[in-house]
Structure formats: structure tokens, C-alpha cells
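For the protein sequence lines, the chains are H and L, in the order given. Under the numbering used here, residues 78 to 412 are what the first sequence spells out, in order. Under the numbering used here, residues 2 to 276 are what the second sequence spells out, in order. Some notes on the structure that comes next.
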Amino acid sequence: MTALLRLEGLRIAFQHRTGSTEVVRGVDLEVGPSETVGLVGESGSGKSLTCRSVIRLMPSHARMTAARVEFDGRDVLGLSTSDLRQHRAHNVGMIFQDPFSCFDPTKRVGEQVAETLRVNAGMDRSAAHDRALELLASVGIDRPEQRFRAYPHELSGGMRQRVMIAIAISAKPKLLIADEPTTALDVTTQAQILALIEQLRRDSEMAVLLVSHDFGVIAQACDRVAVMYGGYVVEAGPVDEVCAEPRHPYTRALLESIPNVESAGQRIRRAGIPGQPPNPAELRPGCPFVERCTLARESCHDVDMTLAEVAPGHVTACPIVAAAVGAASSTRGRP
Amino acid sequence: MLSVRDVSKEFILRRSAAEWVRRQPGDTHLAVNRVSLELARGEILGLAGGSGSGKTTLARMLIRLVEPDEGQIVLEGLDVRAARGRQLREVRRRMQMVFQDPYSSLNPRMSVGAAILEAGRVHDQPGSEAGGPFVARLLDLVRLPASAATRRPRELSGGQRQRVAVARALAVGPQILIADEAVSALDVSIQTQLLNLFLDLRDELGLAVLFVAHQLSVIAEVADRVAVMHLGEIVEIGPTAEVFRAPQAAYTQTLLAAHPRHVALAEALIPGGPA
Numbered sequence: 078m079t080a081l082l083r084l085e086g087l088r089i090a091f092q093h094r095t096g097s098t099e100v101v102r103g104v105d106l107e108v109g110p111s112e113t114v115g116l117v118g119e120s121g122s123g124k125s126l127t128c129r130s131v132i133r134l135m136p137s138h139a140r141m142t143a144a145r146v147e148f149d150g151r152d153v154l155g156l157s158t159s160d161l162r163q164h165r166a167h168n169v170g171m172i173f174q175d176p177f178s179c180f181d182p183t184k185r186v187g188e189q190v191a192e193t194l195r196v197n198a199g200m201d202r203s204a205a206h207d208r209a210l211e212l213l214a215s216v217g218i219d220r221p222e223q224r225f226r227a228y229p230h231e232l233s234g235g236m237r238q239r240v241m242i243a244i245a246i247s248a249k250p251k252l253l254i255a256d257e258p259t260t261a262l263d264v265t266t267q268a269q270i271l272a273l274i275e276q277l278r279r280d281s282e283m284a285v286l287l288v289s290h291d292f293g294v295i296a297q298a299c300d301r302v303a304v305m306y307g308g309y310v311v312e313a314g315p316v317d318e319v320c321a322e323p324r325h326p327y328t329r330a331l332l333e334s335i336p337n338v339e340s341a342g343q344r345i346r347r348a349g350i351p352g353q354p355p356n357p358a359e360l361r362p363g364c365p366f367v368e369r370c371t372l373a374r375e376s377c378h379d380v381d382m383t384l385a386e387v388a389p390g391h392v393t394a395c396p397i398v399a400a401a402v403g404a405a406s407s408t409r410g411r412p
Numbered sequence: 002m003l004s005v006r007d008v009s010k011e012f013i014l015r016r017s018a019a020e021w022v023r024r025q026p027g028d029t030h031l032a033v034n035r036v037s038l039e040l041a042r043g044e045i046l047g048l049a050g051g052s053g054s055g056k057t058t059l060a061r062m063l064i065r066l067v068e069p070d071e072g073q074i075v076l077e078g079l080d081v082r083a084a085r086g087r088q089l090r091e092v093r094r095r096m097q098m099v100f101q102d103p104y105s106s107l108n109p110r111m112s113v114g115a116a117i118l119e120a121g122r123v124h125d126q127p128g129s130e131a132g133g134p135f136v137a138r139l140l141d142l143v144r145l146p147a148s149a150a151t152r153r154p155r156e157l158s159g160g161q162r163q164r165v166a167v168a169r170a171l172a173v174g175p176q177i178l179i180a181d182e183a184v185s186a187l188d189v190s191i192q193t194q195l196l197n198l199f200l201d202l203r204d205e206l207g208l209a210v211l212f213v214a215h216q217l218s219v220i221a222e223v224a225d226r227v228a229v230m231h232l233g234e235i236v237e238i239g240p241t242a243e244v245f246r247a248p249q250a251a252y253t254q255t256l257l258a259a260h261p262r263h264v265a266l267a268e269a270l271i272p273g274g275p276a
């Protein structure tokens, strides 16, 4: 399978007067055609910046470097300004956590969908209008003619997210990047939006890169997942396998921290993860999780965070776990 | 300890210019509709519901940040709705609120210690005249080092700021904490630490907690009883285990069905090692 998106050695640093702070510290990531890949991590792990690198959407003081950012066989890093515009317009659609701040509050939402079509697909006014109505209907908005004339503030959060999805898929992109698309929504609306994304992915053979801090959402929606911590991918693999048999101490601790409705009333007290997430400005070489890790030892300060395979397609940055898993499987293999 | 009977609140939405000229009444929205509940000493009551269900309005009415239109609120014989002046201050001393965003609920220019001390002094709490030891005791209660007293809110992480907000609430010696989405904005690993803190405070101080949250899983693990709100009404209330195992109301069933599935851990991190 040739990958649709290939990131290699991605690094992103914020520049400031006294130097720079690296917040993404060498990330490799692949997304195949019509595959759903999850990027999970807590705030400050670098997951949002990583997904924005695909369309080079960086804050002005951020500097991005990579060995490779390749989309559909083309080098994204080398794109000229006009080619980058085309890349953003046609190849990749993106939706964000807060659909309200992405709309112009003074324009009717339908006009904003139609505007995208006029600018990016060069449609005339009436063709864009008709296509916008079709798009609104395709993202599950009933009475699209009426909603077309609504202003953003007149729609509910779930409805606004649907309109944003309509804009994002208007150019039939090969990849949809969804950055915390359901975080601001109720659990019932969240389920509907995830179902809509999945339906669109299947119908139009579009790949999805889903960014979330919520492992439950990732487990439900994705084929593969990459877990980020302190600017690194610490573990990646098939989502069911990573959830059932995590192979990095951080992934395991994170999964153990998640409260769950099945333990209702049992008064269990979760151990959680002691300490605080690392401050990127104070990060030293070695594993960023070392201060909160139960397996930590002296050698962890020298770990280079390269990923080792522990099962087909399942990789971890923890050499201690990788070595133990390797030893266990070789003894099992012996007659 | 706290008894709420048939409390309602209707908001009047802004009238359009035409309605104002014609002296017509504006549209109204019944945010809370005849809600009743009880909260016992040392009990954690979860209040669940989607956005717009009225859970925050209900929580705010308990300390009269929102005036109820009708109904009765009684805190250990004290009529909350009739309280004025010193009595209202006493109501608010006994019931303290912790909000979702500690960044906007703490004064950014005041040190953590000063913020805690101010709350204690306003309510003449014993020990608050001494300053240092009073602040140190409260920081210790929320598991923060005494050195945090000299920090400003922006120097702390989100989880630490929320601990400060809890310490400030505890400074006035409340019997009830009203936690309105107090852990919702925190990362999972930090959220667990805060949930454990609420459980500890209940055990150590006998505090009752009204725990308002939209996340069912969080409520499932901390609450003794749970009340589910929908469209301004409590559609179901009961012991947490019962409500989550066998939900009776259709809305509770919908909520539970929409919840992301639980990820079960099968094996130890290292095969053959301890779990």
C-alpha cells in the first residue's frame, strides 16, 4: 500500500527572543488512502501542530522542518505559495474544535459554503448555490433551503460542525483532518458527528486524520492510532491492539486513567498519572515521560525515542518494553 | 442536609424591537422546571445532562446566583430563598462553588496565598488572622506545596489552578461544594487526580458535593447517587450503580448508548509481568 500522507522526522519549534522551544521533536506518521488514523495525546503533546503540518498551517513564530512531508507522492515542503493554495483547496479538508470562530458571523452559512465553491472550484453563482444545497443535505442537514439562510449564531453546535464538514468536503479532498471535532459537543451529538465522518469516509473513499484527547473517541472511530507525548510519537499501531495491549508505559497509564461507565458505583479510585505533563521549554534529551513512569531507570535519560516494532505494525518508543516483549515472544517461539 | 422542592426558573429572552414597541412579552425559556432533590451530609450527588438541560442554572440557584421563580430550598433549617444580608452570606459560606475555568475565577493579580486568605477573612474564619499557617493548611488539604502560596495563577498548570480554586472554596469552611464542570477542561491524567481529591475531601471533612458534569463516565466513578437532567427536568434520579446498569428513563438510555465504548485492557504492559 502506498501511503497518501507520509511525515518523516517532523520538527516544529517556536522562536522567541531568547532562543527556540521545540514542541514537535521528530515525528513519523503515515496515512493510507481511505484509512482513519487517530492522533491522541494530552494538551501540549504536539498533536494539533503535527496535523497542521500537512497543509503547512503554522503560527507565524513557528518554524517547521522535516525530512519528508509527502502527500500523494508530492513534496509539500517544496510547494510554491500558489501550489500550496491549490493543495489546501483541493487535497485536504480540515475541521476544527470550535466551528463558531471559523465562520464569518455576518454572513449566512449557505453563502459561506457557496463562497468556497466559487473561489476554489470556480463555479458561477447559481451552480455554487445549488451545489451548496446538495452539500448541506449530504451532511445530514434537514430543510437545507432554510438552513442556507441561517446565520452561524442561529445554529446549534452540532449543526455548525455539520456545515463546517460540508465546506471541508466541498472539493472532494483525499484527506480530511479533524482536530478535536467533537470536544465541544454533547455526547449524543458527538456520536452523530463521528457517524457522519465515517459515512463520508466510506462513500467518498477519503482518508481521515482524527485528532483527539479522548481515547474513547479514537477507539470508536479509527483503524490505527498514534499516541503522542512531549512532542514525540511514543506508540503507534492498530487501534484495537494498542487499546488492549498497550506497549508504552504512558499509553497504559493514560488508558488506566480513563473513567468508565461500566464501573459505576464501584467506588474505585484510579491511580492516574502522578506529576504534571512536561513543559516543552524544560525538556531534556531522553524520554519525556521518565519523571512520571513506573518503569523508569537511569538509561531512560539517554533513550533516543526511535520506534521499535513489537508486533506487525505496532511500534513503541520504550526500549524496556520492546526488549521484554521481544524476549517473551522468543521464549514462546522455542520448542 | 440540603432539600430542594419544586424549584423552577424561566428566562425571558430579549424582546425584538417590534415586540417592545407593541408591548408584547418576549419569548421565554423554561430552564428548570419543578425540580426536587436532596443532598445528605458526606454524599456526592452527580448531576448529568447535555448542554442546555438546565444543570448549571439549577446549581446557581442553590446559592442564589440565579433567583428561582418558585419552589423551596432549605439548608439545615435555613430558608435559602428568604435569606437576606447576613443570612445570605451564611448560605454562601456553607455552600461554595467551583467553576470549570479556574483561570477566569481567580484574580490574576493576586497571589494564591492572598486569594485564599481573602476568602477566609471575609467570612471571619478561625485562624485566618494569622495568615501563613491558615494558607499552608488549606494548600496541604488540596495537596499543593506551601511554596505555591507566593505564586500567581498564570504560573500554575490547569490542574494546579483548579486545586487553588478548591482551596479557596474550602477556606470559608463550607459543608457543600458545588462543582460545576470542575474537571471538564482538564486532561485525563490530571482529571483523575482532581476526582481523587474530591473523594478525599469527602472522607476527611465530611463534605457533600454536588458534582455537575456532562461526562457520564466521570459521574459514574465519583457519585453515590446521580440525577439526570433533560430539558429542565430531572428525568431520573437514583443510586449511581442502578441508574447506569438499568437506566429507566428513555433519555438516560440515549445518553448511555451514545457514550464512546470503553477500552478494556487485556494484558500487562510486559507479557508475563505484573499487571
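Here a beta-carbon is modelled for each residue, glycine too, at the ideal position from N, C-alpha and C. Predicted model, so just to flag it, every value in this text is computed and none were measured.
- Taking a Cβ-Cβ cut-off of 9 Å, the neighbours of residue 291(H) in chain L comprise 189, 261, given in sequence order.
- Residue 104(H) places its beta carbon less than 9 Å from that of residue 309(H).
- Taken in chain order, the whole alpha helix (DSSP H) runs of length 4 or more contained in the stretch 155–179 of chain L are 159–171.
- By the criterion of at least three beta-carbon pairs nearer than 8 Å, the stretch 224–233 of chain H is not in contact with the stretch 138–145 of chain H.
- For residue 93(H), the beta-bridge partners assigned by DSSP are 96(H).
- 9 Å or more divides the Cβ of residue 254(H) from the Cβ of residue 395(H).
- Among the CB atoms of chain H, none fall inside 9 Å of the CB of residue 169(L).
- With respect to the C-alpha of residue 380(H), the residue from 337(H), 366(H), 324(H), 170(H) having the closest C-alpha is 366(H).
- Flagged as an interface residue toward chain L: residue 345(H), by a C-beta distance shorter than 9 Å.
- The DSSP-derived three-state label of residue 391(H) is strand.
- Residue-level contact check: residue 244(L) touches chain H, since one or more beta carbons of chain H fall below 9 Å from its beta carbon.
- Judged by DSSP in its simplified three-state form, residue 81(L) adopts coil rather than helix or strand.
- Per DSSP, reduced to three states, the secondary structure at residue 231(L) is strand.
- Residue 96(H) does not reach chain L, its nearest Cβ partner there being about 20 Å away, counting only Cβ pairs nearer than 9 Å.
- For chain H, the residues of the stretch 210–242 of chain L that bring a beta carbon within less than 7 Å of one of its beta carbons are 215, 217, 218, 219, 221, 222, 240, 241, 242, in chain order.
- Under the three-state reduction of DSSP output, residue 334(H) falls in the helix class.
- Nearest CB-CB separation between residue 174(L) and chain H: not below the 9 Å threshold.
- Boundaries cannot be given for residue 168(H), as no beta strand (DSSP E) includes it and DSSP labels it neither H nor E.
- Burial is judged here by how many other beta carbons sit within 10 angstroms of a residue's own beta carbon; residue 17(L) has fewer than 16 and is exposed.
- Against chain H, the CB of residue 257(L) has a partner CB under 9 Å away; the residue lies at that interface.
- Contact with chain L is found for residue 340(H), since one of that chain's Cβ atoms lies less than 9 Å from the residue's Cβ.
- At a cut-off of 9 Å, the C-beta of residue 294(H) has a neighbouring C-beta in chain L.
- Rounded to whole angstroms, the separation of the alpha carbons of residue 251(H) and residue 283(H) is 5 Å.
- For residue 354(H), the chain L residues whose C-beta falls within less than 9 Å of its own C-beta are 158, 188, 190, 191, listed in chain order.
- Distance between residue 321(H) and residue 315(H), taken at the CA atoms: about 10 Å.
- Using a Cβ distance threshold of 9 Å, residue 273(H) and residue 217(H) count as a contacting pair.
- The stretch 100–118 of chain H and the stretch 298–307 of chain H touch, with no fewer than 3 CB-CB distances between them shorter than 8 Å.
- A Cβ-Cβ contact shorter than 9 Å links residue 233(L) with residue 33(L).
- Rounded to whole angstroms, the separation of the alpha carbons of residue 144(L) and residue 208(L) is 17 Å.
- DSSP places residue 184(H) outside both helix and strand once states are collapsed to three, so it counts as coil.
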